[in-house]
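Written below as structure tokens is the structure these notes are about.
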Amino acid sequence: MFRPFGLPKVKPMKTKMKLLAALVALGAPAMADDMAPVTQDTLTLTDGYAYATLPNQPVAGGFLTIANGGEADDHLVAAASDIAGVTQIHAMMMDGGVMVMRELADGLPLPAGETVVLQSGGLHLMFMQLNGPLVAGETVAVTLRFENAGEVAIDLPIRKKMAGGMDHSATGGH
Amino acid sequence: MAATTQTKMRTAIAIGCLFASAALIWFAWVKPMLEDTSGVDFGRGDYILQGSDGQPFTQQTLKNGPTAVFFGFTHCPDVCPTTLADIALWQDELGPAADNLQVYFVTVDPERDTVDLLGDYVGWVDGVVGVSGSVAEIEKAKKAFRIFSRKVPLSDGGYSMDHSAYVMLFDKRGEFFEPIGYQEDLNRVMAKLNRLLGG
Ligand SMILES: [Cu+2]
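Structure (structure tokens):
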């Protein structure tokens with residue numbers, strides 16, 4: 061017998077709020093932080109990571125938290141990495157059981173006094189045309205270009221790919 | 471170079487478009503598909519695809535169930551690897567009973583995902599079979615499983631795929647059982663799987 065799908069109950073507003081919350085998360089996330097914090101100008105970069113790729117996986121996501129402690133807005137203009145032919149800045153969301161992902165060709169605003177979180181399931185750096193696999197325990201060297209803070213080099217630790225549910229609980233969700 | 475108000479505006483518009491696309495996809499495609507009352511059951515259709523196990527994947531395949539079917543693609547940064555990791559976790563939780571659940575990963579991107587390439591990709595999780603075929607046959611399968619997917623161009627000339635991202639469960643006779651949502655609570659997932667495999 062056909063049992064209607066219970067899961068894709070769409071609430072556009074609520075989902076919108078959730079992504080906005082991810083975009084402008086106030087207060088520091090209480091996650092394990094393997095990457096040494098990097099400070100440049102008014103920006104502090106923490107909790108950077110990427111996940112190990114599966115065999116033949118040609119793309120990967122990069123994640124980090126960017127706090128702008130200054131009084132002027134900044135802007136993440138571009139990202140680059142030697143591991144990828146192309147690195148872009150992307151926004152992603154799940155809505156009604158559908159994954160939707162878009163490139164932010166004009167970068168990501170970093171408003172004064174706010175913290176922007178790039179995390180699994182949301183905003184991310186998108187590494188494409190990978191030159192090789194991402195291996196757990198190694199790091200991905202990334203250069204971020206900010207409008208005011210200039211260029212910042214960071215190393216994202218590569219984590220073992222774990223079940224999403226487990227990763228979720230680490231953020232204190234549910 | 472200063473980020474003008476214009477640049478910020480364009481980013482705001484890009485993020486706005488993401489919400490708009492999501493809402494549009496839901497109302498224009500997904501909702502009507504799921505509410506389809508034509509009487510055709512999920513998974514039923516004349517699609518003929520190939521599995522990385524060397525077997526064809528057709529509606530007959532579901533009759534050797536119980537089965538879990540997921541549609542995805544390898545150029546997927548997050549949702550597809552996470553779902554495969556979740557499936558590995560479910561198998562761990564199920565223990566030996568996991569051998570009774572056939573798992574299929576069907577590509578929504580047959581132009582780039584060949585059967586061989588998919589086989590290696592899903593081979594990361596025990597027993598998962600990668601499924602691909604011609605564009606036309608994949609389209610038939612998407613219709614049969616009520617799966618939405620659409621190409622989204624990227625500025626480097628490549629493309630991504632928006633796509634339905636839930637796992638569909640079928641019982642041992644191939645009847646649609648229940649869906650598992652992306653990152654659904656583990657306890658709820660295990661309850662569903664235990665009901666499926668115990669029944
Ligand atoms: Cu992306």
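If you're matching them up, the sequences are chains B and U in order. Its first residue numbered 61, the first sequence is counted upward by one per residue in our numbering. Its first residue numbered 471, the second sequence is counted upward by one per residue in our numbering. Each residue gets a CB set at the ideal place from its N, CA and C atoms; glycine is no exception.
Quick check on A144 (chain B): buried or exposed, where buried means 16 or more other Cβ atoms within 10 Å of its Cβ?
Reading the first sequence from its first residue, position 84 is the one you call residue 144 (chain B). Buried is the call here.
When the cut-off is 8 Å and only beta carbons count, does F618 (chain U) lie next to chain B?
Numbered from its first residue, the second sequence carries residue 618 (chain U) at position 148. It does; some Cβ of chain B falls within 8 Å.
Taking all protein chains shown into account, do 16 or more other C-beta atoms lie within 10 angstroms of the C-beta of V605 (chain U), making it buried, or fewer, making it exposed?
Within the second sequence, the letter at position 135 stands for residue 605 (chain U). Result: exposed.
Specify, as a first and last residue, the run of the alpha helix (DSSP H) that I518 (chain U) falls within.
In the second sequence, the residue the question calls residue 518 (chain U) occupies position 48. Counting along the chain, I518 (chain U) falls outside any alpha helix (DSSP H), and DSSP gives it neither H nor E.
If you follow the alpha helix (DSSP H) that S586 (chain U) is in, where does it begin and where does it stop?
Position 116 of the second sequence, counting from 1, holds the residue named residue 586 (chain U). The amino acid at residue 586 (chain U) is misidentified as Ser; the sequence shows Asp. Looking at the DSSP string, the run of the alpha helix (DSSP H) that includes D586 (chain U) is 585-592.
In chain order, what residues of the same chain lie with their CB nearer than 8 Å to the CB of F646 (chain U), ignoring the 5 residues before and after it?
By 1-based counting over the second sequence, the position of residue 646 (chain U) is 176. Taken in chain order, the residues that qualify are D511, F512, G513, M638, L639, F640.
My output table needs one value for N116 (chain B): the three-state DSSP class, helix, strand or coil.
Residue 116 (chain B) sits at position 56 when you count from the first residue of the first sequence. Residue state, collapsed to three classes: coil.
Between the Cα of F206 (chain B) and the Cα atoms of B:L168, B:D155, B:L185, B:E131, which residue gives the shortest distance?
Numbered from 1 along the first sequence, position 146 holds the residue referred to as residue 206 (chain B). When each option's Cα is compared against that of F206 (chain B), the closest is B:L168.
Would K220 (chain B) be called buried (16 or more neighbouring beta carbons within 10 Å of its own) or exposed?
Counting from one through the first sequence, the residue named residue 220 (chain B) turns up at place 160. Result: exposed.
Please state the DSSP three-state secondary structure of V578 (chain U).
Taking the second sequence and counting its residues from 1, the one referred to as residue 578 (chain U) is at position 108. Looking at V578 (chain U) - three-state DSSP - the assignment turns out to be coil, as it is neither helix nor strand.
Specify, as a first and last residue, the run of the alpha helix (DSSP H) that P551 (chain U) falls within.
Residue 551 (chain U) sits at position 81 when you count from the first residue of the second sequence. Unbroken alpha helix (DSSP H) run through P551 (chain U): 549-564.
Can a CB atom of chain B be found closer than 8 Å to the CB of W496 (chain U)?
Looking up residue 496 (chain U) in the second sequence gives position 26. W496 (chain U) counts as touching chain B.
I believe V158 (chain B) touches W496 (chain U) by the beta-carbon criterion, under 8 Å. Please report the beta-carbon distance rounded to the nearest angstrom.
Position 98 of the first sequence, counted from the first residue, corresponds to residue 158 (chain B). Position 26 of the second sequence, counted from the first residue, corresponds to residue 496 (chain U). Right, their Cβ atoms sit about 7 Å apart.
For A635 (chain U), return the contacting residues in chain B, with the cut-off set at a CB-CB distance below 9 Å.
On the second sequence, position 165 is the one that residue 635 (chain U) refers to. Neighbours of A635 (chain U) on chain B, chain order: M154, G157, V158, M159.
Beta carbon of Q239 (chain B), beta carbon of E163 (chain B): below 8 Å?
Residue 239 (chain B) cannot be examined here, being either before or after the span of chain B that is shown, 61 to 234.
Output, in sequence order along the chain, the residues in the region 164-186 of chain B whose CB is closer than 7 Å to any CB in chain U.
Of all residues in the region 164-186 of chain B, L164, A165, D166, G167, L168, P169, S180, G181, H184, M186 have a Cβ within less than 7 Å of some Cβ in chain U.
Using the beta-carbon of each residue, which ones in chain U are nearer than 8 Å to Q148 (chain B)?
The count along the first sequence starts at 1 and reaches residue 148 (chain B) at position 88. Chain U residues near Q148 (chain B): L624, S625, D626.
I'd like to confirm the pairing. Which residues does DSSP put opposite Y111 (chain B) in its beta bridges?
As a position in the first sequence, residue 111 (chain B) is number 51, starting the count at 1. In DSSP, Y111 (chain B) forms a bridge with B:R219.
Is H633 (chain U) near ligand 1, judged by its Cβ being under 7 Å from some heavy atom?
For this step, residue 633 (chain U) is matched to residue 163 along the second sequence. Outside the cutoff, so no.
So what's E163 (chain B) in DSSP terms, helix, strand or just coil?
Residue mapping note: residue 163 (chain B) aligns to position 103 of the first sequence, counting from 1. E163 (chain B): strand per DSSP, three-state reduction.
If contacts are defined as beta-carbon pairs under 8 Å, then G535 (chain U) and Q572 (chain U) qualify, I think. What distance do you get, rounded to the angstrom?
Here the question's residue 535 (chain U) lines up with position 65 in the second sequence. Here the question's residue 572 (chain U) lines up with position 102 in the second sequence. Their Cβ separation, rounded to whole angstroms, is 6 Å, which keeps G535 (chain U) and Q572 (chain U) in contact under 8 Å.
Kindly examine ligand 1 and report whether one of its heavy atoms sits closer than 7 Å to the Cβ of M186 (chain B).
Counting from 1 along the first sequence, the entry for residue 186 (chain B) is found at position 126. At least one heavy atom of ligand 1 is nearer than 7 Å to the Cβ of M186 (chain B), so yes.
Can you tell me which of B:G121, B:M152, B:L114, B:D155 puts its alpha carbon nearest to the alpha carbon of A16 (chain B)?
With chain B running from 61 to 234 in the structure shown, residue 16 (chain B) is simply not present.
Within its chain, find whatever has a CB closer than 7 Å to the CB of Y636 (chain U); leave out the 5 residues flanking it on each side and keep chain order.
Your numbering for residue 636 (chain U) matches position 166 in the second sequence. Answer for Y636 (chain U): P649, I650, G651, Y652, listed in chain order.
Compile a chain-ordered list of the residues in the region 112-123 of chain B whose CB is closer than 7 Å to at least one CB of chain U.
Per Cβ criterion, the list reads L114, P115, N116, Q117, P118, V119, A120, G121.
What in chain U is Cβ-close to M95 (chain B), meaning under 7 Å?
For the purposes of this step, residue 95 (chain B) is identified with residue 35 of the first sequence, where counting begins at 1. Neighbours of M95 (chain B) on chain U: none; closest Cβ ~19 Å, over 7 Å.
Return the chain-ordered list of same chain residues with a C-beta closer than 6 Å to the C-beta of A90 (chain B), the five sequence neighbours on each side being excluded.
Mapped onto the first sequence, residue 90 (chain B) falls at position 30. In this prediction, A90 (chain B) has a pLDDT of 36, which is less than 50 and means its spatial position is unreliable; what the coordinates show is noted afterwards. Excluding sequence neighbours, A90 (chain B) sits near nothing in its chain.
Bridge partners of V599 (chain U), per DSSP?
Indexing the second sequence from 1 puts residue 599 (chain U) at position 129. Looking at the DSSP assignment, V599 (chain U) forms a beta bridge with U:Y574.
Looking only at DSSP bridge pairs, what is L185 (chain B) linked to?
Residue numbering aside, residue 185 (chain B) sits at position 125 when the first sequence is read from its first letter. Note: L185 (chain B) sits in a beta bridge opposite B:G122, B:I149.
What does the Cβ neighbour count give for T531 (chain U), buried or exposed, with the cut at 16 atoms within 10 Å?
By one-based count along the second sequence, residue 531 (chain U) stands at place 61. When all chains shown are included, T531 (chain U) counts as buried.
Give me the chain B residues within the contact set of S630 (chain U), using Cβ-Cβ distance strictly less than 7 Å, ordered along the chain.
Against the second sequence, residue 630 (chain U) aligns to sequence position 160. Neighbours of S630 (chain U) on chain B, chain order: M161.
Consider the Cβ of I485 (chain U): report whether some Cβ of chain B lies at a distance smaller than 8 Å.
Locating residue 485 (chain U) in the second sequence gives position 15, counting from the first residue. Closer than 8 Å: yes.
Got a sec: does ligand 1 put a non-hydrogen atom nearer than 7 Å to the Cβ of G121 (chain B)?
In the first sequence, residue 121 (chain B) corresponds to position 61, counting from 1. Answer for G121 (chain B): yes, Cβ within range of ligand 1.
Which chain B residues are close to L639 (chain U), counting only those with a beta carbon under 8 Å from its beta carbon?
Taking the first residue of the second sequence as 1, we reach residue 639 (chain U) at position 169. Under the 8 Å cutoff, chain B gives no residues; its nearest Cβ is about 11 Å from L639 (chain U).
Hey, does A209 (chain B) have any beta-carbon neighbour from chain U nearer than 8 Å?
Position 149 of the first sequence, counting from 1, holds the residue named residue 209 (chain B). By this cut-off, A209 (chain B) is not an interface position.
Below 8 Å, how does it come out for the region 478-497 of chain U and the region 578-593 of chain U: are there three or more Cβ pairs, yes or no?
No, because fewer than three Cβ pairs between the region 478-497 of chain U and the region 578-593 of chain U fall closer than 8 Å, the two stretches do not touch.
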